[in-house]
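Structure, as structure tokens:
Number of protein chains: 2
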Amino acid sequence: MTSNRPERAAARTTVIMQATLALAQEIGYAKLSIEAVAARAGVGKHTIYRRWPSKGLLFLDSLLSLDEPVLDYPDTGDVLADLRQQIYAAVDLLATPPYGPLYRALIGEAQHDPAVAADLNERFIRPQTDKTIARLKAAQDAGQVAPGFDLDLVMAVVSGPLYYRFLITQEPMTHDYVDRVLDALFAGMSPRH
Amino acid sequence: MTSNRPERAAARTTVIMQATLALAQEIGYAKLSIEAVAARAGVGKHTIYRRWPSKGLLFLDSLLSLDEPVLDYPDTGDVLADLRQQIYAAVDLLATPPYGPLYRALIGEAQHDPAVAADLNERFIRPQTDKTIARLKAAQDAGQVAPGFDLDLVMAVVSGPLYYRFLITQEPMTHDYVDRVLDALFAGMSPRH
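The listed protein sequences derive, respectively, from chains A and B. To convert, count from 1 in the first sequence and add 179; that's the numbering used here. To convert, count from 1 in the second sequence and add 179; that's the numbering used here.
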């Protein structure tokens, strides 16, 4: 009941989230448990359950709390170059420990826990989608993207091939792969006459 | 040691895989355990562990044992129509219980268990990729796909947007969505002059 109680609560939250990420890296997400996080953080497990009803939501919160570089789009006037830069940054982030394995684990959990999927969409995917559509809309207005291109599909069409490699084939994500995907998407599959 | 021992072993395998799928539908993949499968199938858990070292591999085997419609490509000479038909069939399969939730759970597990990811690729993704490339190669030879289109990317580019919706946004997969994606991919994002 001292005056710095809110600060102490915030500090405890930070300790819990750091313990979550450290343990997930050490033992893998599958073996992570709220009990183990509580022990590592030096708090009771009810302290954790009061704020996070499931391991998945605790993990999501912890991952989104990381001070990641903002995945904003530059606007140099060249949409292909700008998309390329933004996607390089995302790919480089996933190649930097601990982001790749932790993000893969988060998406894995979203397949089993609808609350995690909903939170992931609301807090990460939706804002990223809005930024992507805004950048592509500017490009469309400037005549750099086909006037008929369906902007609502841009995340699926551009990010889909990256997620496919990340989640399904699980091959390394390289700048070369990004270049090939962007070239294919901009050129289109139909012959140009 | 009777002469029908192999048949009995095969029958027991079938019973175990059916119990796995039935339980996964009833309680969800996250709560599934080899102990519960053993109890439902009426076998000892060591009988299961002898053949399947993990819950993930048992689940993968069970799911791939389902007598699913073969996802082959028709070849009517119209590649866009043929792709559309094959993807409609895949999307309809995912909309038919129990395939969608079970396949989502399998891909979720592949994010936590590299052995499941490797098996999924070898037994399902790779054969599907080979079929897809073969159909697109025929289309490219017939002048229906741009000569410069990178066939090695076709699964990522065509399936990626579908997996994105299935795994990330988790919105319903409709024929209309398939049509919009195919139209966008064939037209390309660059303006055509």
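All C-beta atoms in this analysis are idealised placements derived from N, C-alpha and C, irrespective of residue type, glycine included.
Drop a sphere of 10 angstroms on the beta-carbon of residue i, count the other beta-carbons inside from all chains shown, and report buried for 16 or more, exposed for fewer.
i	result
A:Arg184	exposed
B:His291	buried
B:Arg283	buried
A:Arg314	buried
A:Glu350	exposed
A:Ala335	buried
B:Thr255	exposed
A:Ile286	buried
B:Ser212	exposed
A:Asp251	exposed
A:Gly322	exposed
A:Glu288	buried
B:Gly235	buried
B:Pro232	exposed
A:Pro326	exposed
How many Å lie between residue i and residue j at the Cα?
i	j	result
B:Arg359	B:Arg229	47 Å
B:Ala366	A:Phe328	8 Å
A:His225	A:Leu200	19 Å
A:Tyr208	A:Phe238	9 Å
A:Arg371	B:Met352	30 Å
B:Asp320	A:Leu361	23 Å
B:Ala215	B:Glu186	24 Å
B:Asp261	B:Lys310	12 Å
B:Ser338	A:Pro293	23 Å
B:Met180	B:Leu242	Model confidence at B:Met180 stands at a pLDDT of 48, short of 50, so the residue's coordinates are unreliable; what they give is reported in the following sentence. Looking at the two C-alpha atoms, the distance is approximately 30 Å.
A:Gly384	A:His354	The question about residue 384 of chain A has no answer here: the residues shown for chain A are numbered 180 through 372.
B:Arg305	B:Ile312	11 Å
B:Ala317	A:Lys210	47 Å
A:Tyr356	A:Leu202	32 Å
A:Ala253	B:Val194	Before going further, note that residue 253 of chain A is Pro rather than Ala in the sequence given. Distance between the alpha carbons of A:Pro253 and B:Val194: 57 Å.
B:Val333	A:Pro340	9 Å
B:Ile206	A:Gln264	44 Å
B:Leu259	A:Leu259	26 Å
A:Phe303	B:Phe303	30 Å
Nearest CA to the CA of residue i: which residue from the options?
i	options	result
B:Gln204	B:Ala217, B:Gly287, B:Leu281 and B:His354	B:Leu281
B:Met196	B:Leu361, B:Ile227, B:Ile206 and B:Val324	B:Ile227
B:Thr308	B:Asp257, B:Leu330 and B:Ala289	B:Leu330
B:Ala189	B:Ser244, B:Pro340 and B:Arg263	B:Ser244
A:Val324	A:Pro306, A:Gly339, A:Leu364 and A:Pro293	A:Leu364
B:Gly223	B:Arg302, B:Thr192, B:Gly235 and B:Ile206	B:Thr192
A:Ser369	B:Asp257, B:Lys234, B:Leu242 and B:Pro293	B:Asp257
A:Glu301	A:Pro253, A:His354 and A:Asp240	A:Asp240
B:Ala218	B:Trp231, B:Ser233 and B:Ala198	B:Ala198
Using a Cβ cut-off of 8 Å, pull out every chain D residue sitting near residue i, in sequence order please.
i	result
A:Ala284	Protein chains A and B are contained in the structure displayed, whereas chain D is not.
I want to check one thing, is the minimum distance from the CB of residue i to the heavy atoms of the ligand MN below 8 Å?
i	result
B:Thr192	In the structure shown, the ligand MN is absent, as is every other ligand, since no ligand is present at all.
task: Please list the residues of the segment 291-302 of chain B that have a C-beta atom closer than 9 Å to any C-beta atom in chain A, keeping them in chain order.
output: Going along the segment 291-302 of chain B in chain order, one finds His291, Asp292, Pro293, Ala296, Ala297, Leu299 and Asn300 with a Cβ nearer than 9 Å to chain A.
Listed in chain order, which residues of the segment 323-345 of chain B have Cβ atoms closer than 9 Å to some Cβ of chain A?
So the close ones are Gln323, Val324, Ala325, Pro326, Gly327, Phe328, Asp329, Asp331, Leu332, Val333, Met334, Ala335, Val336, Val337, Ser338, Gly339, Pro340, Leu341, Tyr342, Tyr343 and Arg344.
- Query: Is the segment 263-282 of chain B touching the segment 266-278 of chain A in the sense that three or more CB pairs, one from each, lie closer than 8 Å?
  - Reply: No contact exists between the segment 266-278 of chain A and the segment 263-282 of chain B.
* To do: Could you tell me whether the segment 294-309 of chain B touches the segment 338-345 of chain A, where touching means 3 or more Cβ pairs closer than 8 Å?
  => The count of Cβ pairs closer than 8 Å, one atom from the segment 294-309 of chain B and one from the segment 338-345 of chain A, stays below three, leaving the stretches out of contact.
To be precise: take each residue of the segment 196-214 of chain B, compare its Cβ to all Cβ atoms of chain A, and keep it if any distance is under 8 Å. Which residues remain? So the close ones are Gly207, Tyr208 and Ala209.
What residues from the segment 247-266 of chain B come within 8 Å of chain A, judged by C-beta to C-beta, listed N to C? Correct list: empty, as no residue qualifies.
**chain A contacts made by the segment 351-372 of chain B, where a contact means CB separation under 7 Å** = Listed by position, the residues of the segment 351-372 of chain B near chain A (Cβ gap below 7 Å) are Arg359, Val360, Ala363, Leu364, Phe365, Ala366, Gly367, Met368, Ser369, Pro370 and Arg371.
- Short-range partners of chain A found in the segment 302-323 of chain B, where Cβ spacing is below 7 Å: Correct list: Ile304 and Gly322.
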